[in-house]
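Note sheet for the following structure.
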Amino acid sequence: MNDFFSKIGELFSTPEYIDALLHGFLLTLQISYFALLIGFFLGTIIALVDTAKPSRWLAVPKFICRVYVGIIRGTPMALQLFIMFFVIFAIKGFPSIITAIIAFGLNSAAYAAEVIRGGILSVDKGQTEAGLALGLSRFTIFTKIVAPQAIKNVIPALGNEIITVIKETAIVSMVGMYDLNMAAKDIGSGQNMASYIVPMFVAALFYLATIYLITFIVKRIEKGLRRSDLRAEE
Amino acid sequence: MEDKKTDLVIKNLHKSFGKNKVLSGINFELKEGERVVVLGPSGSGKSTFLRCINWMEEPTSGKIIFDGEEVTEKNIRRVRRSIGMVFQHFNLINNMTVMENLILAPMKLHLMKKEAAEKRAMELLSHIGLTQKAKAYPASLSGGQKQRVAIARAMMLSPEVLLFDEPTSALDPESIGDVLSLIRELADRGMTIMIVTHEMSFAKEIATRVVFLDRGKIIEDGAPEEFFRHPKTERVQEFLQKVL
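Residue numbers (this note's numbering), protein chains in the order written: chain G, 34 to 267; chain V, 5 to 248.
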């Protein structure tokens, strides 16, 4: 146990280690952030196409969305990452961070789409009917009535998706990228440290702290959006 | 009665949901100032009939002519402004306050300026005794309050016809009275009304005409005195025996 604490001391007092961890952490955050941006944007579009009123010119896009979501959700993330790295973006000199962002973004889009679709469908049909009966356009009904209620329903599950992506990016170490997970492994295998447990324990704390912070923020947003559910008056 | 304007003509209306034929050949005319109560056993197509009028359900075939103009995909939104609808489950917009619910359509449809819409809304709210709820969200209202707000919301657009789809079926007995007296008041002011209801005594009292549906067809259509005292068909006799 003494050894454990002295190793922790060593880790935090060696600039080289700290540097490695922070670099790894930064890469983890970068990939997660941009992947989630792509994921939520694309996921929203897929969900909109999927839940739109069926029509002739939407039949093909609807089909494509279904197939896309099916394939992404039906295959392992690690495999998708490998395909991106070793097949689609197997171009010499192509920045691996971009490849990783695209891989995770496209993956996250499928999950986000399912979450958002569920959110839209969870809004009572009567809400749409009220808007229709008043002569409002489908666009107004969606933007003013359905979307605000869907967003509220969807926040907890999207928060979960953020957490999933942050943790899942750890597999980029499998294609040799230097993220937080890789940094921990790297430090642990070094001559001086010669201990995996300490750097991995510290990396775990980094992940935990990040996810704790995100959970906290999402809860806050959720609470703000639940205002109209309260029975008490303002 | 005879020189009253005809608001609505329905010709040979059919509606099926998949293989399930709900309406099979409805012919109907509605004149200004009439108060039509639509009765019938459950599953007879009463609600579907009402909901086809403003295309909440798109008719499978047949014509709906409103103010001399056939209702189509193109003019449906304009037609809906003139046909108010009140639902069984109120359908107030959950993410909007009572005031926002009332002014939403007049503002989005550019029919009123915000101040004018709010003024009208406050008048209607004071009429139903709910001014203090203007800033409340629907979740904090009772069922009866919700339904009265829903009626006020429909009135914001000054419709020519009001459709009520079982407006009291989801209410507790105490609230039913409040909602019915509001409908009665609208009736007294000459509003053209069509109402699907199970409140027989109210139907008797308010109707200028009763329409009875059975298996997707209108089998009786006449004055309430006639309908309740001397029903022509056996089906209606049987129905009235059960419900009265």
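Note that beta-carbon positions come from the ideal geometry of N, C-alpha and C, so glycine has one too.
Taking the Cα of H202/V as reference, the smallest distance to any Cα among K246/V, W59/V, L166/V, E238/V is reached at K246/V.
Distance check between I80/V and each of R171/G, I196/G, F239/G places R171/G closest, using alpha-carbon atoms only. In the structure shown, H18/V falls within a strand segment according to DSSP collapsed to helix, strand and coil. Leaving aside the five residues that flank E61/V on each side, the residues in its chain whose CB is nearer than 8 Å to its CB run, in chain order, K19, T52, R55. Not a single CB atom of chain V sits nearer than 8 Å to the CB of A85/G. The region 128 to 135 of chain V and the region 82 to 99 of chain V do not touch, with fewer than 3 CB-CB distances between them shorter than 8 Å. Interface flag for H114/V against chain G is unset, since no Cβ pair is found closer than 8 Å. In this structure, DSSP gives K208/V a helical state, which the three-state scheme calls helix. The Cβ-Cβ distance between L191/G and V148/G falls below 8 Å. Proximity of E255/G to chain V, defined by a Cβ-Cβ separation below 8 Å, is not satisfied. Rounded to the nearest whole angstrom, the C-alpha separation of I199/V and F74/G is 45 Å. Around the beta carbon of P142/V, 16 or more other beta carbons sit within 10 angstroms, so the residue counts as buried. By the 16-neighbour rule on beta-carbons within 10 angstroms, S228/G is buried.
Listed along chain G are A166, each with a C-beta nearer than 7 Å to that of N58/V.
Residues of chain G with a Cβ closer than 9 Å to the Cβ of L161/V are, in chain order, L167, G168. Given a length threshold of 3 residues, each whole run of the beta strand (DSSP E) inside the region 161 to 214 of chain V is given here in chain order: 165 to 169, 196 to 200.
In this structure, G220/V sits near G49/V, with a CB-CB distance shorter than 8 Å. Shown here, S39/G sits in a helix according to DSSP, grouped into three states. As computed with DSSP, L34/V is found in a beta bridge with L12/V. For A183/G and S65/G, the gap between their C-alpha atoms comes out near 24 Å.
Taking C-beta separations shorter than 7 Å and ignoring five residues to either side along the sequence, the partners of A53/G in its chain run A216, D219, I220, following chain order.
The beta-bridge partner set that DSSP reports for R39/V consists of I197/V. Annotation: the continuous beta strand (DSSP E) that includes I222/V extends over 221 to 226. Boundaries for G88/V: no alpha helix (DSSP H) harbours it, while the beta strand (DSSP E) harbouring it runs 87 to 90, taken from the DSSP string.
Taking C-beta atoms as the reference points, I30/V and L17/V count as a pair closer than 8 Å.
Per DSSP, K67/V is not a residue of any alpha helix (DSSP H); the beta strand (DSSP E) it occupies stretches across 65 to 70. Excluding the 5 residues flanking it on each side, R259/G has same chain C-beta neighbours closer than 8 Å at K185, in chain order.
A contact between stretches requires three or more CB pairs, one per stretch, nearer than 8 Å, and the region 133 to 144 of chain G fails this requirement with the region 165 to 180 of chain G.
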